[in-house]
Amino acid sequence: MVKYILVTGGVISGIGKGIIASSTGFLLKTLGLNVTAIKIDPYLNIDAGTLSPLDHGEVFVLKDGGEVDLDLGNYERFLDVTLTRDNNITTGKIYQSVIEKERRGDYLGKTVQVVPHITDDIQNWVERVSKVPVQERRRTNPAYFKSTEHLGGTGTPITDSMSTPDSDSSTNSDGDREPDVCIIELGGTVGDIESAPFVEAMRQFQFRVGHDNFCLIHVSLIPVVGSVGEQKTKPTQSSVRDLR
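UniProt numbering numbers the first residue of the sequence shown as 1 and each following residue consecutively.
The following block contains the structure:
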């Protein structure tokens with residue numbers, strides 16, 4: 001059973017969710033777990049290919065030609081894996097998928113709504129992609145070096161026998177392992193209107209996979225106000241309330 005870690009952000013955007021997600025995955029890799037990642041971008045564009053770099057930053061091009069958010073480049077470098085365009089979910093992709101299903105008659109004449117149809121499609125997408133075996137490069141990532149000491153050790157490179165997957169781990173014909181952990185980064189800020197369907201989908205998703213298989217990391221700003229240096233937690237409390 002894949003374990004899921006959802007990384008969200010509160011109060012302000014650009015608070016560092018991508019680095020937190022990548023670093024969390026890196027630490028899990030050092031424990032020998034196979035990690036994949038999904039980035040959710042709540043904009044109506046199908047992908048980042050047509051977005052202005054001035055508006056959204058650099059576009060990262062994946063091996064399969066997918067033009068995605070730069071965070072996926074961080075995932076590939078930190079986790080030393082090769083991801084696909086399906087690892088980037090946008091509102092545009094979800095709506096396109098749901099509308100195509102409606103046109104084909106998949107919903108059998110039902111009224112198509114945000115809940116349950118959009119939220120179900122989000123959950124199905126996440127569950128499907130999280131089980132796709134990731135292609136590990138196994139060359140440059142420091143996670144593939146076992147340190148001889150907790151601090152300062154240069155480590156010993158993992159041999160083929162050491163890196164062989166456990167017998168109960170699933171592999172495909174290319175020898176790529178199915179992920180043990182899937183890290184999901186929800187872009188934007190909790191409380192934004194455009195993020196609401198994804199927040200609701202993830203709320204439902206934890207019941208689908210079980211609480212024991214779902215973990216939440218919320219990254220938020222705690223401002224320091226005044227000359228006395230008092231920390232204010234009210235903005236973070238509000239963003240946490242929006243997650244419920």
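Glycine included, every Cβ here is placed at the ideal spot set by N, Cα and C.
Rounded to whole angstroms, what's the CA-CA distance from ILE46 to GLY65? Just pull it up for me. 14 angstroms
Thinking C-beta only, is PHE198 closer than 8 angstroms to ILE15? no
Classify PRO223 as buried or exposed, calling it buried when 16 or more other Cβ atoms lie within 10 Å of its own Cβ. exposed
For PHE205, I'd like the list of residues in its chain whose CB is within less than 6 angstroms of its CB, leaving aside the five on either flank, ordered along the chain. GLN123
Is it buried or exposed for GLU136, if we count other Cβ within 10 angstroms and need 16 for buried? buried
Nonlocal neighbours in the same chain, by C-beta distance under 7 angstroms from GLY191, ignoring five residues either side: SER239 and ASP242
Just verifying my parser: in three-state terms, what is the DSSP assignment at GLY25? helix
Segment contact flag, the segment 5-13 with the segment 209-228, C-beta cutoff 8 angstroms, min 3 pairs: yes
Sequence ranges, beta strand (DSSP E) only - wholly within the segment 8-62, length at least 3: 35-41 and 59-61
Smallest Cα separation from ILE89: which of GLN231, ILE193, GLU200 and ALA37? ALA37
GLN113 CB to nearest chain D CB: under 8 angstroms? You won't find chain D in this structure, because it holds only one protein chain.
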